[in-house]
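**Student:** Quick one: the structure is below, and I'll ask about it shortly.
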Amino acid sequence: RSPGRFRIAVIPGDGIGKEVAPEGVRVVQAAAHRFGIELDVEWIEWASCDWYAAHGEMMPDDWKHRLQGVDAIYFGAVGWPATVPDHVSLWGSLLKFRREFDQYINLRPVRLFEGVPSPLAGRRPGEIDYLIVRENTEGEYTSAGGILFEGTERELVVQESIYTRIGADRVLSFAFETARARARRRLTVATKSNGVAIAMPWWDRRADDVGRRYPDVAMDKQHIDILSARFVLQPDRFDVVVATNLFGDILSDLGPATTGTIGLAPSANLNPERKHPSLFEPVHGSAPDIAGLGVANPMAMIWSGAMMLDFLTHGTGAGRAAHDAILAAIESVLRDGPRTRDLGGWASTLDVGREIAERVAEPM
Ligand code: NAI
Ligand code: MG
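What follows is the structure in structure tokens.
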């Protein structure tokens, strides 16, 4: 394959995933076309609750083999709790991708746009603009542990947190690299070394060790409790924030919540070594309450597609240009409309997707 050509597996999933995915692909294709990137797009109907209804499982047995060769997975949302329990649909698809494709970075940009009111009083666009880097494979989320003497007075529960030097160093290095590439070159390390007295002092030392290779990045460590408060009180302090799995999970819902609608928040699940495909998806779910109405905001899906193009070309060249063009188009549509319901407008998912695609193809 030529260097400007990529294979993308599109998995719409369920609910509004099926409505926003076509708009994401429309915009990504428009940007790819403009900047000379070739995409071979393959639509996949499994990893959905419809497929489950027909086959009794979320994915075919050879799913890994089928996806291993693609350059990226562009994912809508999975879940239809009326017919399939959420733990079955999520563990049977998305969580398998994250684990088996070793997507150890979960990346979420947090940005306040003009035209989107922040729930934080008085905040202006430009004052909230940071990136959360969450460890996505270990830490507090493990299945190591168990329950003893269950149902008796002695009932005892152990749930282990597992941190490895490999796991910590790779997410910290990624965060330092990311900070180094940004204008402000600041990295905040989320910790709790005053309370979690074994693992977190160790995590702090890993940050110091890795940080020695990045003297040009200003690092500070903050305990997770005050860090959360500052996301609300002083969001302008942050540039890149790195955290272990649980802390990162919480921060990456709190951060986007301060910037308005969930219909905007994108994410990337990355395997930076590119041994396995990475996955790009909106933060939101399948939204059964509005599914089928054609009113979902496609911007989170579209922005995730921009992150995909950027990643495919290593944050440089055509993919970076395509990313920036898509972001500029989202910004301009947020200013001028059309707007979906969540932003106080009446436009459909399709209206917004088409408008962004047009502005990407021919900037105004
Ligand atoms: P949700 O994100 O689907 O919806 C939460 C609320 O936000 C709803 O009121 C919904 O209408 C609104 N909303 C979400 N996306 C929107 C958009 N693009 N435009 C306008 N409004 C939007 O979360 P919920 O309701 O907790 O979960 C619904 C299903 O989605 C469940 O089955 C859940 O397991 C699944 N889910 C899947 C995720 C994934 O695939 N990564 C992530 C989160 C939830
Ligand atoms: Mg979460």
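Just so you know, the sequence shown maps onto residues 36 to 399 in full-length UniProt numbering. Note that beta-carbon positions come from the ideal geometry of N, C-alpha and C, so glycine has one too.
Just how far apart, CA to CA, sit residue 47 and residue 359?
**Tutor:** Distance between the alpha carbons of residue 47 and residue 359: 24 Å.
**Student:** Using a Cβ-based criterion (distance less than 7 Å to any ligand heavy atom), does residue 316 qualify as near the ligand GTP?
**Tutor:** Of the ligands this structure carries, namely the ligand NAI and the ligand MG, none is the ligand GTP.
**Student:** Nearest to residue 299 by CA position, among 248, 387 and 323, is which residue?
**Tutor:** It is 387 whose Cα lies nearest to the Cα of residue 299.
**Student:** Do you know how far the Cα of residue 396 is from the Cα of residue 72?
**Tutor:** Roughly 13 Å separates the two Cα atoms.
**Student:** Alpha carbon to alpha carbon, how far is residue 243 from residue 253?
**Tutor:** Computed Cα separation, rounded: 11 Å.
**Student:** Residue 123 to residue 182, Cα distance in whole Å?
**Tutor:** In a straight line, the C-alpha of residue 123 is about 22 Å away from that of residue 182.
**Student:** Please report the distance separating the alpha-carbon of residue 303 from that of residue 343.
**Tutor:** Roughly 8 Å between the two C-alpha positions.
**Student:** Report the start-end ranges of each beta strand (DSSP E) in the segment 305 to 373 that is 3 residues or longer and not cut off at the edges.
**Tutor:** Segments of the beta strand (DSSP E) lying fully in the segment 305 to 373: 313 to 317.
**Student:** Buried or exposed for residue 103, please, with buried defined as at least 16 other CB atoms from any protein chain shown within 10 angstroms of its CB.
**Tutor:** Burial call: exposed.
**Student:** For residue 213 and residue 89, I'd like the C-alpha separation in whole angstroms.
**Tutor:** In a straight line, the C-alpha of residue 213 is about 43 Å away from that of residue 89.
**Student:** Hey, quick one: how far does the beta strand (DSSP E) through residue 281 stretch, first residue to last?
**Tutor:** Run containing residue 281: none in the beta strand (DSSP E); it sits in the alpha helix (DSSP H), 280 to 292.
**Student:** If you follow the alpha helix (DSSP H) that residue 238 is part of, which residue opens it and which one closes it?
**Tutor:** Where residue 238 is concerned, the enclosing alpha helix (DSSP H) stretches over 234 to 246.
**Student:** Closer than 8 Å is the cut-off here; do at least three beta carbon pairs connect the segment 76 to 86 with the segment 142 to 161?
**Tutor:** No, the segment 76 to 86 is not in contact with the segment 142 to 161.
**Student:** Looking at the unbroken alpha helix (DSSP H) that takes in residue 267, where does it start and where does it end?
**Tutor:** First-last of the alpha helix (DSSP H) with residue 267: 259 to 268.
**Student:** DSSP state of residue 155, grouped into three classes?
**Tutor:** Here residue 155 sits in coil by DSSP.
**Student:** The beta strand (DSSP E) that contains residue 109, what's its start and end?
**Tutor:** Its beta strand (DSSP E) spans residues 107 to 112.
**Student:** In this structure, does DSSP put residue 87 in helix, strand or coil?
**Tutor:** In this structure, residue 87 counts as helix in the three-state DSSP scheme.
**Student:** If you follow the alpha helix (DSSP H) that residue 200 is in, where does it begin and where does it stop?
**Tutor:** First-last of the alpha helix (DSSP H) with residue 200: 200 to 215.
**Student:** Does the separation of the CB atoms of residue 93 and residue 82 fall below 8 Å?
**Tutor:** Going by C-beta atoms, residue 93 is nearer than 8 Å to residue 82.
**Student:** Does the Cβ of residue 297 lie closer than 7 Å to at least one heavy atom of the ligand NAI?
**Tutor:** Correct: residue 297 has its Cβ closer than 7 Å to the ligand NAI.
**Student:** What is the DSSP secondary structure of residue 44, counted as helix, strand or coil?
**Tutor:** Residue state, collapsed to three classes: strand.
**Student:** Tell me whether residue 8, by its Cβ, gets closer than 7 Å to a heavy atom of the ligand NAI.
**Tutor:** Coverage of the chain is limited to positions 36 through 399, which leaves residue 8 absent and any answer about it impossible.
**Student:** DSSP three-state call for residue 302: helix, strand or coil?
**Tutor:** DSSP places residue 302 in strand when its eight states are reduced to three.
**Student:** Residue 151 to residue 209, Cα distance in whole Å?
**Tutor:** Whole-angstrom Cα-Cα distance: 30 Å.
**Student:** Nearest to residue 381 by alpha carbon, out of 38, 350 and 328?
**Tutor:** Minimum Cα distance to residue 381 is reached at 328.
**Student:** What do you reckon, are the CB atoms on residue 225 and residue 262 nearer than 8 Å?
**Tutor:** Yes, they are a contact pair.
**Student:** Can you tell me whether residue 180 is helix, strand or coil according to DSSP?
**Tutor:** Residue state, collapsed to three classes: strand.
**Student:** Between residue 2 and residue 267, how many whole angstroms is the CB-CB distance? I'm expecting something under 8 Å.
**Tutor:** Any question about residue 2 goes unanswered here, given that the chain covers just 36 to 399.
**Student:** Can you tell me the Cα-Cα spacing of residue 192 and residue 85, whole angstroms?
**Tutor:** Distance between the alpha carbons of residue 192 and residue 85: 37 Å.
**Student:** Since residue 78 sits in a beta bridge, which residues does DSSP pair it with?
**Tutor:** Answer is 45, bridged to residue 78.
**Student:** Buried or exposed: where does residue 126 fall if 16 or more other Cβ atoms within 10 Å of its Cβ makes it buried?
**Tutor:** Exposed.
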